[in-house]
Each structure stands twice: as C-alpha cells, then as structure tokens.
Amino acid sequence: MNTIEDLSRKKHPSYSLCLSFLFFPSDHKHHLASSPGASMDLFTATATLGLLFSAVCAFALLFRSRSSSSDNEKKKKQYAPAVGTILHQIVNFPRIYDYHTELSRKHKTFRFLSPFCQYIYTTDPIVVEYFLKTNFQNYGKGWMNYENLNDMFGDGIFVVDGDKWRHQRKLASYGFSTKSLRDFSSAIFRKNASKLAHVVSSYAKSNEKFDVQHLLMKSTMDSIFRIGFGVELNCLDDSGQSQGGNEFAKSFDAANELLILRYINPLWKAMRYLNIGSEAKLRDKIKLVNEFVYRLISIRIEQTSETGNEQNEDILSRFLNERKKDPQSISLEYLRDIILNFVLAGKDSTAGTLAWFFYLICKNPRVQEKIRKEVIEVTEAAEPAAAVDEFAETISEDSLNKMQYLHAALTETLRLFPPGPMDSKVCFSDDTLPGGYTVRKDDVVFYQPYPMGRMEYLWGADAEAFRPERWLNDDGIFQPESPYKFTAFQAGPRLCLGKEFAYRQMKIFAAVLLRFFQFKLGNEGEVARCKASTTLLIDGGLFLEVIHR
Numbered sequence: 027m028n029t030i031e032d033l034s035r036k037k038h039p040s041y042s043l044c045l046s047f048l049f050f051p052s053d054h055k056h057h058l059a060s061s062p063g064a065s066m067d068l069f070t071a072t073a074t075l076g077l078l079f080s081a082v083c084a085f086a087l088l089f090r091s092r093s094s095s096s097d098n099e100k101k102k103k104q105y106a107p108a109v110g111t112i113l114h115q116i117v118n119f120p121r122i123y124d125y126h127t128e129l130s131r132k133h134k135t136f137r138f139l140s141p142f143c144q145y146i147y148t149t150d151p152i153v154v155e156y157f158l159k160t161n162f163q164n165y166g167k168g169w170m171n172y173e174n175l176n177d178m179f180g181d182g183i184f185v186v187d188g189d190k191w192r193h194q195r196k197l198a199s200y201g202f203s204t205k206s207l208r209d210f211s212s213a214i215f216r217k218n219a220s221k222l223a224h225v226v227s228s229y230a231k232s233n234e235k236f237d238v239q240h241l242l243m244k245s246t247m248d249s250i251f252r253i254g255f256g257v258e259l260n261c262l263d264d265s266g267q268s269q270g271g272n273e274f275a276k277s278f279d280a281a282n283e284l285l286i287l288r289y290i291n292p293l294w295k296a297m298r299y300l301n302i303g304s305e306a307k308l309r310d311k312i313k314l315v316n317e318f319v320y321r322l323i324s325i326r327i328e329q330t331s332e333t334g335n336e337q338n339e340d341i342l343s344r345f346l347n348e349r350k351k352d353p354q355s356i357s358l359e360y361l362r363d364i365i366l367n368f369v370l371a372g373k374d375s376t377a378g379t380l381a382w383f384f385y386l387i388c389k390n391p392r393v394q395e396k397i398r399k400e401v402i403e404v405t406e407a408a409e410p411a412a413a414v415d416e417f418a419e420t421i422s423e424d425s426l427n428k429m430q431y432l433h434a435a436l437t438e439t440l441r442l443f444p445p446g447p448m449d450s451k452v453c454f455s456d457d458t459l460p461g462g463y464t465v466r467k468d469d470v471v472f473y474q475p476y477p478m479g480r481m482e483y484l485w486g487a488d489a490e491a492f493r494p495e496r497w498l499n500d501d502g503i504f505q506p507e508s509p510y511k512f513t514a515f516q517a518g519p520r521l522c523l524g525k526e527f528a529y530r531q532m533k534i535f536a537a538v539l540l541r542f543f544q545f546k547l548g549n550e551g552e553v554a555r556c557k558a559s560t561t562l563l564i565d566g567g568l569f570l571e572v573i574h575r
C-alpha cells in the first residue's frame with residue numbers, strides 16, 4: 027500500500043493527451059450554473075461564427091429536406107416532432123435540463139435538427155428499452171462519443187464499443203462479483219466513513235458551517251483510489267502527503283467542468299487545433315492528470331515485480347495480473363484509460379448523489395429522523411451510542427440489507443438527481459423505433475434520466491416531490507422499478523456494474539453520519555443549483571450546520 031509521498035518521489039515521463047466527457051449537468055427546477063471561463067469561451071466562439079454556422083445549418087437542412095423528398099414519396103417515413111435546432115440548445119444552455127423537461131412534457135420523443143444528423147430525445151421507457159436492450163447491437167457510443175471522449179478517457183469502458191468494451195466489462199464484472207472485493211470495499215467504506223464523521227464532529231464542536239459536498243468528494247476519492255488502485259491518497263486529511271492527490275482531483279474536476287462544451291460547441295475541434303480557449307485549458311489539465319496516473323502505474327508495476335500482486339485485493343492488481351499473461355494486450359496507456367474511467371464512475375457520482383441526499387433530507391427533516399431510527403433499529407445500537415469507529419464496524423451486510431427506508435431515500439434522490447442526467451447512443455444503421463419514428467444511420471438517440479424522473483405519466487402527480495415511500499410496499503420492503511423507467515444506472519447489457527458497490531458506500535456513509543449527527547441547511551432558504559460538470563454536483567457546494575446527537 028502506498029501513500030502519495032511515494033508517488034511524489036517517483037518521476038515518470040510526461041504524457042500529453044487532450045480532453046473530454048459526456049453528459050450535461052442539470053437541476054431540479056433550478057438554473058444550471060456553469061463556470062464563467064467555460065461559458066465565456068463557448069459564447070465568444072459561437073458569437074464570432076454564429077451567423078456563419080446558422081447559414082450552414084439552414085443550407086444543410088434545406089438540402090437534406092429536398093434530397094429526401096423523393097424518398098419520402100416512395101416510402102412514407104414518420105419522424106419524431108422537430109422542436110428546434112442545436113442553436114436552440116445553445117441559447118437554453120443555462121437551463122438545459124429544465125428546457126428538456128418542458129419539451130418532454132409535450133412530447134415523449136422529440137428531435138433537434140442539425141446539418142448532418144438528427145438528435146432524438148426520449149423519456150419513453152418502451153423506446154429506451156428498445157435501443158438499450160432489444161436492438162442493442164445497432165446502438166452504441168459510436169462516432170460522436172468516441173471523438174469527444176477519446177482524448178480524455180481513451181479506450182475506456184465508457185467510450186468504446188465492440189471487443190474492447192466486452193474485454194473490459196468481462197474483467198471488471200469478475201472483480202465486482204467476488205466476495206473478496208465486496209468485503210474489502212466494505213472495510214474501506216467503514217474506515218473512511220469514520221474518518222469523515224470525525225471531521226464533521228469537529229465542525230459540530232466549533233459550531234461552524236461546512237461544505238459537505240467538498241468533504242464527500244475527498245472521502246470518495248480516498249475510497250476509490252484505495253479500492254481501485256491500492257493507493258492511500260489521504261485527501262480528507264488535508265496533510266502535506268495528500269497534496270498530490272488533491273492536485274489530481276482538482277485537475278480532474280476542472281477538466282470535467284469544461285468537457286461538456288464539446289457537445290454543444292461546433293467549433294471545439296478548431297479551438298483544439300489552435301490550442302485556444304477552453305481547449306487550451308483542458309490540454310493543461312489533462313497533462314497534469316496523465317502525469318499523476320502514469321506515476322501511479324509505474325509504482326504499482328515496480329511493486330508487483332518485486333513482491334507479486336496475487337494477494338492484493340485492489341482492482342488494478344487484477345488488470346496487472348492479466349498484463350503479466352499478455353503484456354501486448356494491456357499497454358500502459360490502456361491501464362491509464364481503465365483508471366480514469368473507474369475514477370469517473372466511482373468518485374463524483376457517489377459524492378454528488380450523497381450531497382443531493384443531504385440537501386433533500388435537510389429540506390425534509392421527517393425523512394432524516396426516520397432514517398436515523400431505522401439505522402438504530404437494524405444495528406441494534408443502544409443508547410448511549412458507542413464510539414463512531416466501533417459503531418461503523420458493526421455495520422454488516424445483513425444490517426445494510428435491512429436498511430430498506432434508507433435504500434428508498436437514496437433511490438428517490440437518484441430519481442430526481444441522477445448522476446448522469448442524459449446519455450446518448452449513435453445509430454449504426456437505419457431503424458424504426460417503437461411508435462414508428464424513423465432513425466437514420468449516424469443519428470444520435472438520447473435517453474434522459476433527469477426529465478424522466480419528473481414525468482407525471484411515469485411517477486404520478488407528485489413526480490417532482492421527494493417521497494421515499496413511493497419505493498416501498500405496505501410492509502416497508504423496497505420495490506424496484508423497471509431499469510428502463512428508472513435509468514440512473516443505465517440498463518440492458520451496459521447496466522452499471524458498480525450499482526451495488528455504489529449503494530453499499532452511500533448507505534454506510536449515510537448510516538454513520540445520521541446515527542451521530544443532525545443536519546440542517548446553513549441557509550434555510552437555500553435553493554441548490556447545479557454545477558456544469560459531467561456529473562450532477564451542487565454548484566458552490568452545500569453548506570450545512572450540524573449538532574451531535
């Protein structure tokens with residue numbers, strides 16, 4: 027096991043790549059707030075060439091309409107309602123997900139027009155199931171996602187299709203399914219939940235407000251690097267040895283705030299070529315990320331060559347074992363891609379969901395008290411409570427499984443604030459969706475977890491209300507919904523492998539913190555806003571007040 031001091035002593039060649047990732051941020055009846063620099067880059071660029079681009083769009087759409095008219099006479103094709111062009115999305119970028127929610131209330135499936143393809147959006151579970159499962163082979167990450175994401179996430183599992191995707195999923199699936207990893211990860215989660223509780227306790231004693239999202243981001247980063255790569259970052263300690271880990275986290279987060287612009291900025295390739303604006307900033311951030319990751323890989327390879335890694339329980343060790351069998355099949359760059367995709371999946375999504383969870387239970391103190399009562403009952407924790415560390419150690423798999431109301435509250439949070447508010451697939455060959463809508467080759471189809479969580483036709487008249495009870499039967503037992511209706515973890519062959527891993531971490535953290543503390547919003551009238559990033563975070567953090575129980 028290494029500390030970040032070990033990493034800082036090692037030197038490794040600098041590897042310079044570039045940038046990018048998917049999704050947009052969203053909010054719950056709130057405005058989406060993007061970083062000023064990123065917004066300025068985007069709107070300066072579009073203002074400069076906006077008229078030219080509009081003319082190109084108009085010409086291309088006119089040409090496309092005329093060229094396809096004869097085909098339409100031969101074959102009557104039905105297309106989803108057109109609600110605008112990609113320029114409408116640029117104009118509505120500050121509130122993009124509320125905008126999409128409004129459109130989704132009018133049309134379950136709709137499209138935006140662009141010069142070279144259609145962008146089709148849906149909240150219809152039948153359509154979602156069709157392209158995520160029924161006709162899975164015809165829809166994938168495709169050209170658009172690979173172009174946008176490859177610079178940053180390489181050939182990682184969130185970027186690729188085909189054999190590369192199957193290879194990584196097979197190795198990762200084996201790792202996530204083992205009892206040894208489950209037990210190992212649970213021990214790390216309990217340890218880091220205790221560390222976080224001690225930090226929160228210091229704020230309770232000093233009566234200071236604190237940013238819970240900031241602490242959660244540090245703690246989940248510590249967890250993911252220990253479980254994933256066998257390295258102690260100690261980000262939560264704020265000690266000197268954690269400097270490298272914190273710098274990596276800052277660079278990773280800053281890059282993700284800028285990456286979404288590629289999905290709405292038609293000029294990003296020119297900006298990358300000229301190394302200007304947001305693309306220049308991204309290049310610098312990715313360079314720092316790469317230097318850190320390649321140092322980590324170098325250290326782990328050196329360690330395993332000296333001591334062997336068969337007994338190591340971290341996920342990277344499993345891939346290093348595979349590399350020993352066939353070094354050509356898993357290059358250093360491939361290991362780097364695997365690491366960054368794993369960090370993306372396990373860091374911000376969990377921390378962001380927990381931050382929104384605390385926001386919602388502070389807005390709904392009845393739910394907060396009900397969760398605390400359940401935690402005490404299922405862990406058989408007597409009053410007065412044991413010490414934090416002792417209590418954390420009593421949280422077993424059995425007790426976690428009995429926390430049905432907590433599970434429902436976390437799931438309700440994910441329904442309203444999914445980590446990935448939108449996801450896309452590219453159509454590989456002409457197709458017809460359920461309902462008769464035509465999809466052409468290279469069209470991009472989106473399913474929309476954020477708007478889907480707000481559709482009354484899916485969730486009833488109280489769709490926008492935070493109500494964990496909607497997930498429980500009359501006996502208080504959690505009842506899952508179809509993954510094509512509740513899409514926070516994707517569905518079909520690409521269903522998130524880390525789903526139970528994520529729930530385990532969130533439940534342990536929530537149980538420990540709510541057992542010992544009562545939380546209130548630092549500003550009772552606060553309305554949380556969303557940060558422009560690849561995952562749904564709270565802009566400006568979430569400041570809370572806390573008192574000991």
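Everything in the sequence shown is counted per my numbering, starting at 27 for the first residue and increasing by one. Note that the Cβ used here is the ideal one computed from N, Cα and C, for glycine as well. These numbers were taken from a predicted model, which means no experiment stands behind them.
Can you tell me whether residue i is helix, strand or coil according to DSSP?
i, result
"G372", "helix"
"C453", "strand"
"K546", "strand"
"Q144", "strand"
"H224", "helix"
"D124", "helix"
"V465", "strand"
"C388", "helix"
"V553", "coil"
"G166", "strand"
"G266", "Its pLDDT being 49, under 50, G266 is placed unreliably in this model, and the value from its coordinates should be taken loosely. Here G266 sits in helix by DSSP."
"D209", "helix"
"F236", "strand"
"E258", "strand"
"I402", "helix"
"I356", "coil"
"L563", "strand"
"T437", "helix"
"Y529", "helix"
"Q430", "helix"
"Y510", "coil"
"F472", "strand"
"T149", "coil"
"Q516", "coil"
"G63", "Only weak support is given to the placement of G63: the predicted model assigns it a pLDDT of 49, under 50, and the value that follows is read from those uncertain coordinates. G63 falls in the helix class under three-state DSSP."
Contact check, residue i vs residue j under 8 Å by CB: the rounded distance?
i, j, result
"S211", "F504", "Contact doesn't hold; Cβ gap of about 21 Å is too wide."
"F278", "V315", "6 Å"
"V154", "N171", "V154 to N171, Cβ: 17 Å. No contact."
"L380", "M532", "6 Å"
"N282", "G271", "Their Cβ separation, rounded to whole angstroms, is 17 Å, which puts N282 and G271 out of contact at 8 Å."
"F274", "F318", "4 Å"
"V226", "L539", "7 Å"
"I253", "I341", "7 Å"
For residue i, which option in the options has the closest C-alpha, if you only look at C-alpha atoms?
i, options, result
"F515", "R398, Y473, S232 and L547", "Y473"
"I122", "L562, S203, H574 and E571", "L562"
"L547", "K389, V315 and E507", "K389"
"S249", "K196, L370, P444 and P292", "L370"
"F535", "N218, V109 and S228", "N218"
"F195", "G182, Y105, A517 and K231", "The question names Phe, yet the displayed sequence has Arg at residue 195. For R195, the nearest C-alpha among the options comes from G182."
"R466", "L139, V109, D565 and D415", "L139"
"S331", "S343, E339, Y320 and I286", "S343"
"K276", "E423, I341 and D374", "D374"
"A108", "K102, K134 and P120", "K134"
"Y289", "I327, E173, F417 and E400", "E173"
"L222", "Y105, L241, E552 and Y510", "L241"
"R398", "R309, R541, N347 and N301", "R541"
Between which two residues does the beta strand (DSSP E) containing residue i stretch?
i, result
"D501", "First-last for D501: undefined, no H or E at that position."
"G110", "A108 to T111"
"H574", "F569 to H574"
"R137", "T135 to L139"
Quick check on the DSSP output: the alpha helix (DSSP H) that includes residue i runs from which residue to which?
i, result
"Y483", "E482 to W485"
"F417", "V414 to E419"
"K350", "I341 to K351"
Quick check for students: name the residue ranges of the alpha helix (DSSP H) that lie wholly in the region 280-316, counting only runs of 4 or more. 294-300
Uninterrupted alpha helix (DSSP H) stretches inside the region 183-207 (no shorter than 4 residues): 188-203
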